[in-house]
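To start, the structure itself, in structure tokens.
Chains as they are written, first to last, in this note's numbering: chain Y, 1 to 577; chain H, 1 to 161.
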């Protein structure tokens, strides 16, 4: 039977077992939305297309499935851009569909026309403009295949309105065969042997694991190798939870706001085994000083990641899980008493710390309490900024699908919609968004989606009245010139101010409690340390959306810190210290 | 160092833009580019000449390979290959130097494809060096216009690259 392009799209999504689609309609997507009406597709109407992409992203990261979003042409499509770039940087499988003006008028600056395949070329793994309805089913199949295989990433499919209306026989292909796209999965035996030998000979090896471990589900293999050969493990932001946080061999996160012991271990190591990590500058610090004493083994499915930033001694291209399985047979059991003693000494010398002996409400304390009360089993989605780093440092995630954060692009406004998307994929799990008061304001309009769909996502705002991360840099590197980082600054404030004071400063807007209540959510505010625990308990007991506005220490800074461009050796553990 | 990169791609719209974007995003100027169908009409070959730092070019080659529409990438720098480009050169001609120019055409084994009272169009084919050399030789007569194609290249021998 013949079907329209729009019907073909919806039926293809159902054939791909898509659980949920996020989006917002518009003129050039009307046939698609007409086909959705009554189709049984679980479609969630967002309030801004950027959130549709972030929700699809949060859904994908927390479930391992491919996220899907739909927007109309022009502004609908351009609103997806930030979400696509976020997913691209963090290798998140996603397929985005956009309406497009009719093929007859493409290129004529028609109403709501934008060259979205041109715009998104550098921020998608691949994209398609479908010019013939007969190509549509095959293109959709390819889009899902490309998005979810190899190094995953977002794929955009642009569908002109006449293609949505056009008709043809619907046959959804069973298999995909793209001659120019064949990811390598199994690693080269010779390279695996070489890498294993180097590891066996090493005295001070370190495993450095990234998102690739999560994507290939290689957590077990990493654990096995690390225990067998006593190799300490450091993780990137995107691999939080991939290695047991409290294990003796766990070093915690490395890099700019990584732990002292992780950074010290990297710098002292004689072999680094990077698995599914891409040597991001937030991890390496000054590249020429990174792991200067080490031979570097790099396991990655993306050949273009090899030697992109740091020269690699032994590359192994392929899937982390398959490679580590092969490697583990060749890696010898080994005790490394001296190395572990050194690691433990670093851990004791400078553990993660903040002032615990006063009555002030420190943001780190809030995260510790969340971690404690949820036993690390909640899905955490973070916005971007100081709160994100504190969450990374103090939340002890029990597994790798529980910590969602925009690592590569650092997208403020990511966390709340990502958390909502995650809740759709994990209705039985607690989802908590850890937000800054700045970031949260970028996409908080999506509370409508949470309330109307009865997905109770909890938001804890670490409210310091500032764009705190930038303020910290201004304090440390720009002579405390707080240029446009104060979020309560009013017209009648002095033009120059670097002495924030809650008693004297203008009243903070919005009042997040009243704002939450206006949606029918529970709003709470905490300004004292002693109130935190009971407020968090109340939040967790509530079967509704909750916004918990915590007024934390305004000028708290994240430590340790490796200043931008500095070597990991130059880690600062606290100001003046 | 100059690299001759041969890229086999799907013969589809938008592929050239993807490739050009990759070079542009890294600030590389493409010295020359030639695109055309291969023995298989579904596949095009792009021959790209570009100058640049080795490590950065290695990255570009890997990134090219990563593009979904790219079937194969070959950097010809390390292998034996032949290359040919074509240039049309329009030069000023007078009665007194016409014979001299025609002699030059003979030496370089080029062809005259258009003649008028005061000009001549000469077709030069060859590798980049030959074309450059010819242009340099006729420069003193006064060049009106030059139009050049990008170089195309194939590896020597029976294998397919």
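Glycine included, C-beta positions come from ideal geometry on N, C-alpha and C. As the structure is a computational prediction, the values presented were derived from the model and not from experiment.
Compute the Euclidean distance between the alpha carbons of residue i and residue j, then round it to the nearest angstrom.
| i | j | result |
| --- | --- | --- |
| residue 398 (chain Y) | residue 377 (chain Y) | 6 Å |
| residue 569 (chain Y) | residue 388 (chain Y) | 23 Å |
| residue 39 (chain Y) | residue 7 (chain Y) | 9 Å |
| residue 383 (chain Y) | residue 467 (chain Y) | 12 Å |
| residue 73 (chain H) | residue 62 (chain H) | 9 Å |
| residue 291 (chain Y) | residue 261 (chain Y) | 13 Å |
| residue 188 (chain Y) | residue 124 (chain Y) | 28 Å |
| residue 385 (chain Y) | residue 565 (chain Y) | 19 Å |
| residue 178 (chain Y) | residue 115 (chain Y) | 25 Å |
| residue 49 (chain H) | residue 105 (chain H) | 27 Å |
| residue 41 (chain H) | residue 116 (chain H) | 39 Å |
| residue 49 (chain Y) | residue 347 (chain Y) | 44 Å |
| residue 597 (chain Y) | residue 170 (chain Y) | Nothing can be reported for residue 597 (chain Y), as the shown portion of chain Y is limited to 1 through 577. |
| residue 508 (chain Y) | residue 545 (chain Y) | 22 Å |
| residue 216 (chain Y) | residue 51 (chain Y) | 26 Å |
| residue 218 (chain Y) | residue 3 (chain Y) | 42 Å |
| residue 483 (chain Y) | residue 492 (chain Y) | 16 Å |
| residue 220 (chain Y) | residue 33 (chain H) | 48 Å |
| residue 558 (chain Y) | residue 100 (chain Y) | 45 Å |
| residue 530 (chain Y) | residue 239 (chain Y) | 32 Å |
In chain H, which residues lie less than 7 Å from residue i when you measure between Cβ atoms?
| i | result |
| --- | --- |
| residue 181 (chain Y) | 68 |
| residue 308 (chain Y) | 59 |
| residue 126 (chain Y) | 68 |
Rounded to the nearest angstrom, how far is the Cβ of residue i from that of residue j, given a contact under 8 Å?
| i | j | result |
| --- | --- | --- |
| residue 78 (chain Y) | residue 414 (chain Y) | Rounded, the Cβ-Cβ distance is 17 Å, inconsistent with contact. |
| residue 255 (chain Y) | residue 278 (chain Y) | About 12 Å separates the two Cβ atoms, so there is no contact after all. |
| residue 320 (chain Y) | residue 287 (chain Y) | At roughly 23 Å, the Cβ-Cβ gap does not stay under 8 Å, so residue 320 (chain Y) and residue 287 (chain Y) are not in contact. |
| residue 51 (chain H) | residue 84 (chain H) | Incorrect: roughly 20 Å between the Cβ atoms, too far for contact. |
| residue 369 (chain Y) | residue 536 (chain Y) | 6 Å |
| residue 72 (chain Y) | residue 28 (chain Y) | 5 Å |
| residue 203 (chain Y) | residue 339 (chain Y) | 6 Å |
Would you check if the distance between the CB atom of residue i and the CB atom of residue j is smaller than 7 Å?
| i | j | result |
| --- | --- | --- |
| residue 552 (chain Y) | residue 459 (chain Y) | no |
| residue 248 (chain Y) | residue 334 (chain Y) | no |
| residue 426 (chain Y) | residue 148 (chain Y) | no |
| residue 579 (chain Y) | residue 455 (chain Y) | In the structure displayed, chain Y extends from 1 to 577; residue 579 (chain Y) sits before or after that span and is not available. |
| residue 549 (chain Y) | residue 451 (chain Y) | no |
| residue 416 (chain Y) | residue 433 (chain Y) | yes |
| residue 449 (chain Y) | residue 420 (chain Y) | yes |
| residue 195 (chain Y) | residue 213 (chain Y) | no |
| residue 265 (chain Y) | residue 343 (chain Y) | yes |
| residue 207 (chain Y) | residue 233 (chain Y) | yes |
| residue 121 (chain Y) | residue 21 (chain H) | yes |
| residue 192 (chain Y) | residue 310 (chain Y) | no |
| residue 146 (chain H) | residue 47 (chain H) | no |
| residue 579 (chain Y) | residue 313 (chain Y) | It is not possible to answer for residue 579 (chain Y), since the shown part of chain Y is limited to 1 through 577. |
| residue 117 (chain Y) | residue 158 (chain Y) | yes |
| residue 136 (chain H) | residue 90 (chain H) | no |
| residue 80 (chain H) | residue 156 (chain H) | yes |
On the DSSP bridge list, what partners appear for residue i?
| i | result |
| --- | --- |
| residue 147 (chain H) | H:88 |
| residue 316 (chain Y) | Y:299 |
| residue 73 (chain H) | H:7 |
| residue 235 (chain Y) | Y:209, Y:253 |
| residue 100 (chain Y) | Y:160 |
| residue 69 (chain Y) | Y:22, Y:96 |
| residue 461 (chain Y) | Y:435, Y:549 |
| residue 466 (chain Y) | Y:486 |
| residue 45 (chain H) | H:8, H:36 |
| residue 145 (chain Y) | According to DSSP, residue 145 (chain Y) bridges with nothing at all. |
| residue 154 (chain H) | H:82 |
| residue 119 (chain H) | H:92 |
What does residue i reach in chain H if we use C-beta pairs closer than 8 Å?
| i | result |
| --- | --- |
| residue 304 (chain Y) | 59, 62, 63, 65, 66 |
| residue 117 (chain Y) | 14 |
| residue 296 (chain Y) | Under the 8 Å cutoff, chain H gives no residues; its nearest Cβ is about 15 Å from residue 296 (chain Y). |
Mind pulling the chain H residues with CB within less than 9 Å of residue i?
| i | result |
| --- | --- |
| residue 121 (chain Y) | 14, 17, 18, 21 |
| residue 272 (chain Y) | Neighbours of residue 272 (chain Y) on chain H: none; closest Cβ ~20 Å, over 9 Å. |
| residue 146 (chain Y) | 68 |
Can you list the residues of chain Y that residue i reaches, using a CB-CB cut of under 7 Å?
| i | result |
| --- | --- |
| residue 10 (chain H) | 180 |
| residue 71 (chain H) | 179, 180 |
Using the beta-carbon of each residue, which ones in chain Y are nearer than 9 Å to residue i?
| i | result |
| --- | --- |
| residue 133 (chain H) | In chain order: nothing, as chain Y lies at least about 38 Å away. |
| residue 25 (chain H) | 122 |
Closer than 6 Å: is that where the CB of residue i sits relative to any heavy atom of the ligand MG?
| i | result |
| --- | --- |
| residue 202 (chain Y) | Ligands are entirely absent from the displayed structure, and the ligand MG is therefore not among its contents. |
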